[in-house]
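Position 300, counted from 1, in the sequence shown is what this note's numbering calls 586; the numbers after and before it change by one each time, with no gaps. Some notes on the structure that comes next.
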Amino acid sequence: MSGTINYSLCWEDQDILKILHQEGHEILIIGSAGCLSLSSLAFQDVRLHIIDINELQIKLIRLKVCAFNNLNYDDCMYFFGTFTPPKKSIERVDILLYLLQYLPKDDQIFWKLNKKTITKGLIHIGKWERYIRTWNKYFLPLVLSKNTIADFINSNKIEDQISIYKSKIDKFHYRLIFKTFTSKIIQSRFGRHPDLLKHFKDSPGDIWHDRLEKAWCGIPIIKNYFFRYILESHYRESMTLPDWAIRENYDIISKRTSNLSFHTNSLTEYLFNTSKNFDMIYISNVTDTLNQRDSDILFKQCAASLKKEGKLVIWNNLVERKPIKSFLLMEELSNIISKSRIASYYGYFGVYQLK
């Protein structure tokens, strides 16, 4: 899954990390865009081993960490483009050129060759985030007015969200455009990596339409920074933010970035070769890309690399893969987290412990 930056943001809830992490824990976590790892440092003083099979995701995370270490909060959020929709600014290139001196040589070469990509903000450069920007800039306006979207985002009550959704949004043309835009063909070409869809035989558009109804009608929009980004491609500083973007957390995160290590490898191969044991292994939706046999091999390696009380965390989107041979589902904890999560588009979540 290399060759492009697939994600420049993480799209999984961070609150599970607040619940499960304890001081001194050793965590193995899929890198993605690094948001969960950075937020983790705001919660507890843990050691995070960040792994991703895509070396460009690792380069992206290292650049984010470099920004935390060498910029003040305001300059870092500006460089990221956190509070503004994607908009070109040559000043971001100047910031990048300043930061390059602190990065490994290979990273310097990559970002020099790709410096124009960051002019709109670092968190907007992923394939998925560019796909979302196409959605909310060109397709969503075909069926919803700017006033309707603004009214929804500024809703103060769930009842208001439900009313707007039922009366103005969930109509034939919205459903048609949404399901077309989120079809397997369109997503594979412009949104998600094809490997994340290859084991799913149905239309993801139908499923995601139903799952996103919770975002429209079941979660206060002021809390749902994921869905606000889907609607307008930035975060609002006056509303709930991911923990890495909160001003009060900035210095805490910066002081703990030395707790991070980076590994470019497949998760299965890394676990096969490491002698480390972890308190938690966070595999995200890796097994969406694997068949059942390869998933079982990965689960076996996870079991061998977890400490006795260790936890395995799975966030699958479209394909259910259960590690039933070596693990037990922590059903009560998983249900509590599932009910409170704002990443409503994920279908299969579970926290597992060793048998």
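Idealized CB from N, CA, C, for every residue including glycine. Remember, predicted model here, so these are calculated numbers, not experimental data.
Smallest Cα separation from residue i: which of the options?
i	options	result
S326	S591, E606, N535	N535
S524	D537, E518, S294, K509	K509
T526	S570, S489, I628	I628
A531	F354, L349, L334	F354
C503	Q330, L615, D361, Q447	Q447
K597	L303, T290, E298, G289	L303
G310	K470, I472, R542, D537	R542
K373	T405, A328, F613	T405
S620	N433, E341, Q639, F329	Q639
K594	D437, L614, T290	L614
E555	T466, R514, S591	S591
F476	N602, F438, I411, L322	I411
A501	S489, P490, G491, R514	R514
E618	K562, S474, V637, N603	V637
T468	S453, K457, P490	P490
R533	F369, L342, S612, I567	F369
I315	F365, T575, F564, D580	F564
C362	S552, L342, V572, L385	L385
D488	I505, L557, K465, P390	K465
L430	L462, G407, T403, I472	L462
G289	Q308, K562, L322, Q343	Q343
H485	N400, A319, D574	D574
R434	K443, L408, L553, S453	Note that residue 434 is Thr in the sequence shown here, rather than Arg. Ranking K443, L408, L553, S453 by Cα distance to T434 puts S453 first.
L546	K625, D360, L322, W494	L322
L349	L383, L517, I471	L383
Q252	L584, E341, E312	For residue 252 there is no data in the structure shown, the boundaries of the chain being 287 and 641.
G633	N400, I444, D492, E341	D492
Y417	I472, V572, A436, L482	I472
I505	A319, L399, S624	S624
D299	W601, D380, I376	W601
F425	L517, F512, L498	L517
P609	V572, S626, Y631	V572
N400	R378, L334, Y451	R378
I409	P528, V605, V599	P528
D580	Y568, S552, K562	S552
Y521	N442, G407, I569, A589	G407
Y568	F458, K470, V599, Y388	V599
D360	I376, I381, N340, E341	I381
T560	S570, W494, A589, A436	A589
If I'm right that residue i touches residue j with Cβ under 8 Å, what's the distance once you round it to whole angstroms?
i	j	result
L306	I539	Rounded, the Cβ-Cβ distance is 18 Å, inconsistent with contact.
N292	W397	Not a contact, Cβ separation roughly 17 Å.
K549	I337	Per the sequence shown, the amino acid found at residue 549 is His instead of Lys. Correct: roughly 4 Å between the Cβ atoms.
R419	S519	5 Å
I347	G367	About 16 Å separates the two Cβ atoms, so there is no contact after all.
R607	Q578	7 Å
I455	I507	Not confirmed; about 13 Å, so no contact.
F635	K611	Not a contact, Cβ separation roughly 19 Å.
I482	N603	Reading the sequence as shown, one finds Leu at residue 482 and not Ile. Yes, L482 and N603 are in contact; Cβ-Cβ is about 7 Å, under 8 Å.
S626	R497	Between R497 and S626 the Cβ distance is about 16 Å, and since that is not below 8 Å, they are no contact.
K423	D393	With 8 Å as the limit, K423 and D393 do not qualify as a contact, their Cβ atoms being about 30 Å apart.
What residues are listed by DSSP as bridge partners for residue i?
i	result
Y634	N602
L615	Y638
K594	According to DSSP, which records beta bridges pairwise, K594 is partnered with nothing at all.
Between which two residues does the alpha helix (DSSP H) carrying residue i extend?
i	result
S547	Run containing S547: none in the alpha helix (DSSP H); it sits in the beta strand (DSSP E), 546-550.
Q578	578-591
D537	536-542
Q473	470-476
L553	553-559
I305	301-306
I516	511-518
Can you name the start and end residues of the beta strand (DSSP E) that residue i belongs to?
i	result
F486	Segment: none, F486 is in no beta strand (DSSP E) and carries neither H nor E.
F564	564-568
Any heavy atom of the ligand FMN inside 7 Å of the beta-carbon of residue i?
i	result
Q473	In the structure on display, the ligand FMN does not appear, and there are no ligands present to speak of.
Problem set entry | Entirely enclosed beta strand (DSSP E) segments - the stretch 310-376, minimum 3 residues | 312-316, 333-338
Problem set entry | Completely contained alpha helix (DSSP H) runs for the stretch 379-457, where each covers 4 or more residues | 391-399, 413-420, 432-439, 444-450
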